[in-house]
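*Asks:* Below you'll find the structure I mean.
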Amino acid sequence: MITIYYRNSCLSSRKAINWLNDHHIPYRKCSIDCVSSEDLSYMLRLTENGIDDIVKSTKRCTEDLHRKILRLQQMHFNEAVVYLSENAELLQTPLIVDHNKFLVGYHSENIRQFAPRYYRMSSIFLHQYKRQN
């Protein structure tokens, strides 16, 4: 089952949840503050760039968050994962994960990977049909 780690104040989180609801896709909703180090480790195995893929950018954050991110960058992997689970404000949202799929943020094209195959195929067919007519 899909799990979405969200933040109430995050527009991208709301868009992702709305998309899942609109497409009748079952999911489990968890506050980003409840993410465990085990869940983070699993998600990080599905990333291309590891921790950098899930941590907020230092360009658009407060001085306090910036200091925490710099501290995080000095840590070993296991220590960093525990630190992130205890400092979830450093994480981007939403984090959407299923067995072997992972998405950070809301991207209208990329979130389609969580739709059932038959839905994706019918959407492609419909799009091609509309272009031809």
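All residue numbers for the sequence shown refer to our numbering, where the first residue is 5 and numbers rise by one. We put the beta carbon where it would ideally sit given N, CA and C, even for glycine.
Report yes or no: do three or more beta-carbon pairs, one from the region 90–110 and one from the region 40–55, lie closer than 8 Å?
*Replies:* The region 90–110 is in contact with the region 40–55.
*Asks:* Please classify Leu146 as buried or exposed, where buried requires at least 16 neighbouring CB atoms within 10 angstroms.
*Replies:* As shown, the chain starts at 5 and ends at 137. That puts residue 146 outside it, with no answer to give.
*Asks:* Let me check understanding here. Comparing Cα to Cα, which of Ile115, Gln96, Phe118, Ala119 lies closest to Val39?
*Replies:* Nearest of Ile115, Gln96, Phe118, Ala119 to Val39, Cα basis: Gln96.
*Asks:* Please state the DSSP three-state secondary structure of Thr7.
*Replies:* It is a strand residue.
*Asks:* Using the Cα positions of Met5 and His28, report the straight-line distance between them to the nearest angstrom.
*Replies:* Those two C-alpha atoms are separated by around 13 Å.
*Asks:* Which term fits Leu74, buried or exposed, when burial requires 16 or more other beta carbons within 10 angstroms of its beta carbon?
*Replies:* Flag for Leu74 reads exposed.
*Asks:* Lys60 by DSSP, collapsed to three states: which one?
*Replies:* In this structure, Lys60 counts as coil in the three-state DSSP scheme.
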